[in-house]
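Encoded as structure tokens, the structure appears first; notes follow it.
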Amino acid sequence: MLRIRKFLAVLICAAALGVAGMAWAQTPQYDLLLKGGHVLDPANHIDGVMDVAVSGGKIAAVEKNIPASEAGKVVDVSGLYVTPGLIDIHVHIAQGGAPLDWFAPIARSHLRPLAIPADIMLQSGVTTVVDAGTAGADTFLTEKEEVIDRSQIRVLAWLNIVADGMNGGLEQDLDQMDPNRCAETIRKYRDLIVGVKTAHYWTVKPWDAEHTPWAGVDRAEACGRMAGVPIMVDFFPRPPERPYSELILKKMRPGDIHTHVFAQQFPIILPNGKVNPIMWEARKRGVIFDVGHGAASFWFRNAMPAVQQGFEPDSISTDLHEGSIVQLAVSMVNIMSKFLAMGESLQDVIRQSTVNPAREIHRTDLGTLSVGSVADIAVLQLLHGHFSYMDDGYARQDGNEKLIARMTIRQGAIVFDPSGLSMVEWQKARKLYYHTPTDKDMRRATADDYPRHLGKNEE
Ligand SMILES: [Zn+2]
Numbered sequence: 001m002l003r004i005r006k007f008l009a010v011l012i013c014a015a016a017l018g019v020a021g022m023a024w025a026q027t028p029q030y031d032l033l034l035k036g037g038h039v040l041d042p043a044n045h046i047d048g049v050m051d052v053a054v055s056g057g058k059i060a061a062v063e064k065n066i067p068a069s070e071a072g073k074v075v076d077v078s079g080l081y082v083t084p085g086l087i088d089i090h091v092h093i094a095q096g097g098a099p100l101d102w103f104a105p106i107a108r109s110h111l112r113p114l115a116i117p118a119d120i121m122l123q124s125g126v127t128t129v130v131d132a133g134t135a136g137a138d139t140f141l142t143e144k145e146e147v148i149d150r151s152q153i154r155v156l157a158w159l160n161i162v163a164d165g166m167n168g169g170l171e172q173d174l175d176q177m178d179p180n181r182c183a184e185t186i187r188k189y190r191d192l193i194v195g196v197k198t199a200h201y202w203t204v205k206p207w208d209a210e211h212t213p214w215a216g217v218d219r220a221e222a223c224g225r226m227a228g229v230p231i232m233v234d235f236f237p238r239p240p241e242r243p244y245s246e247l248i249l250k251k252m253r254p255g256d257i258h259t260h261v262f263a264q265q266f267p268i269i270l271p272n273g274k275v276n277p278i279m280w281e282a283r284k285r286g287v288i289f290d291v292g293h294g295a296a297s298f299w300f301r302n303a304m305p306a307v308q309q310g311f312e313p314d315s316i317s318t319d320l321h322e323g324s325i326v327q328l329a330v331s332m333v334n335i336m337s338k339f340l341a342m343g344e345s346l347q348d349v350i351r352q353s354t355v356n357p358a359r360e361i362h363r364t365d366l367g368t369l370s371v372g373s374v375a376d377i378a379v380l381q382l383l384h385g386h387f388s389y390m391d392d393g394y395a396r397q398d399g400n401e402k403l404i405a406r407m408t409i410r411q412g413a414i415v416f417d418p419s420g421l422s423m424v425e426w427q428k429a430r431k432l433y434y435h436t437p438t439d440k441d442m443r444r445a446t447a448d449d450y451p452r453h454l455g456k457n458e459e
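For the sequence shown, our numbering assigns the number 1 to the initial residue and increments by one for each residue that follows.
In structure tokens:
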């Protein structure tokens, strides 16, 4: 009896497999297949030509020679690099720009915004950004409702220890730096807030009873300890009371991040040209060093000797805002290219823009092409030729490589593809493409149905 039952079970299984096999033959197994690209996925030690298949917004397979017939949409990415969607852990986001009623008297504000719209960063292969303390405990909900919840790009945040957030005129007010309020807010939004930011604290004026040298850092650390998260420090050394060495060797905990590491104010290169030993010592302690390029935090005279002596940054980030996006930082791929020009390998630059920042923000589910992880993907091209790059001191460094972003995929949707890698030539497009919207049928005339916007096919 038992044997018969077993035999029946095998028969039933075989029948089920047969049906599944037929269905598989009719409907493509994958939504999207990136074919023939050079996959760089440092998290999985992959560095070679492979195909990447996407299904249901997730990575479904990373293998050699996946048949084109198994995917609904196939994109030839040969000659290009396929990497996890890039992670930029230092940006400043807002609604950005002005509404179209800007010139009307009813326009809400005529101040020039400092932060930028988050989705702009999709143009650089970036699929996750971390806002660096633009909002604090009192303003985070507005940031969440007005920007984070409305963006296609994944937006996470460092919470400013200052409850009012950045640049609101209250950054020197100690009453604003309440570790309890900070930790409470982080616990409430633990899925979005990755840590605490301290910045711009008491950089010029003389110390007084309220403004002690370490108040900003100490309160951020207190919040970080309470909430169990790292802190990101934007720092201005003021020795002897507030030296850089004390920050990175004593105050910061392992896993805390010093952003703006190659800024002019840090003694990271000694007069003899050698990397200051405190940098190696701090790195050994577990302190993380992040680029945070921005408009005033990247000098080749610090970065170049450091990189040449093997002191590469742990993570590359832009510090993009209105003051840095046009000329100085420009974009994630522009800053990654600067590190190529300084002699870093492409593999290192990709590691510092994917798996490393993912670890730093404790989101190891991101920054990888592991099967089953979210399909956030960058398709990059490495150009060879004569290129030059600038720093924030208006000095130049020449190089012979340049990374550009060709396509960005966010949760399986192709959200950036300006050169039409994934598109058919317009003359060969299907009939619908030639359709003119009418009162009765307002469908957008598209060449295919593949999602080009996260969560929706049409705006
Ligand atoms: Zn910043």
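Cβ coordinates follow ideal geometry from the N, Cα and C atoms, glycine included.
Asked	Found
Contact set for Glu-360: own chain, Cβ-Cβ below 8 Å, skip 5 residues either direction	Ile-89, Pro-230, Gly-255, Ile-257, Ile-288, Asp-290, Asp-314, Ser-315
For Asp-417 and Asp-119, the rounded distance between their alpha carbons	14 Å
Element boundaries [alpha helix (DSSP H), containing Ile-335]	332-341
When Ala-163, Gly-168, Glu-143 are compared against Ala-157, the one with the closest alpha-carbon	Glu-143
Supposed close pair Val-62, Val-371 - CB separation, criterion 8 Å	7 Å
Proximity of Leu-369 and Val-52 at Cβ, strictly below 8 Å	yes
Residue ranges of each beta strand (DSSP E) within the stretch 350-400, 3 or longer	377-390
Residue from Asn-276, Ile-269, Trp-214 with nearest C-alpha to Leu-247	Trp-214
Reference Asn-44, options Asn-302, Ser-337, Arg-187, Thr-354, closest by Cα	Thr-354
Any non-hydrogen atom of ligand 2 closer than 7 Å to Asp-319 Cβ	This structure lacks ligand 2; the ligands present are ligand 1.
First and last residue of the uninterrupted alpha helix (DSSP H) at Glu-221	215-227
His-90 Cβ short of 7 Å to ligand 1 heavy atom set	yes
Neighbour flag for Arg-410 against chain D, beta carbons, 8 Å	Any reference to chain D falls outside this structure, which holds one protein chain only.
Host beta strand (DSSP E) of Trp-158 (start-end)	154-160
Closest by C-alpha distance to Met-332, when choosing among Leu-33, Gly-294, Tyr-433, Val-374	Gly-294
Residue of Val-379, Leu-403, Ile-193, Ala-447 minimising C-alpha distance to Thr-134	Ile-193
Endpoints, alpha helix (DSSP H) assigned at Ile-188	According to the sequence provided, residue 188 is Lys. The question's Ile does not apply to it. Here the alpha helix (DSSP H) through Lys-188 covers 179-188.
Leu-141, enclosing alpha helix (DSSP H) - first and last residue	140-146
Where Glu-63 falls: helix, strand or coil (DSSP)	strand
Nearest-angstrom Cα separation, counted from Met-252 out to Asn-272	27 Å
Paired residues, beta bridge with Ile-89 - DSSP	The partner list for Ile-89 (beta bridge, DSSP) is empty, contrary to what the question assumes.
Pro-84, buried or exposed, once every other Cβ within 10 Å from all chains shown has been counted against 16	buried
Inter-residue Cα distance where the pair is Leu-249 and Arg-283	9 Å
Inter-residue Cα distance where the pair is Asn-334 and Asp-348	15 Å
Reduced DSSP secondary structure (H/G/I, E/B, other) of Val-307	helix
Any 3 or more C-beta pairs closer than 8 Å across the stretch 372-379 and the stretch 53-60	yes
6 Å CB neighbourhood of Ser-422 in its chain, flanking five on each side removed	Val-75, Ile-414
Contact test: Ala-295 Cβ vs ligand 1 heavy atom, cutoff 7 Å	no
Boundaries of the alpha helix (DSSP H) in which Ala-282 is found, first to last residue	277-285
Outcome for Ser-337 when other beta-carbon atoms lying within 10 angstroms are tallied against a minimum of 16	buried
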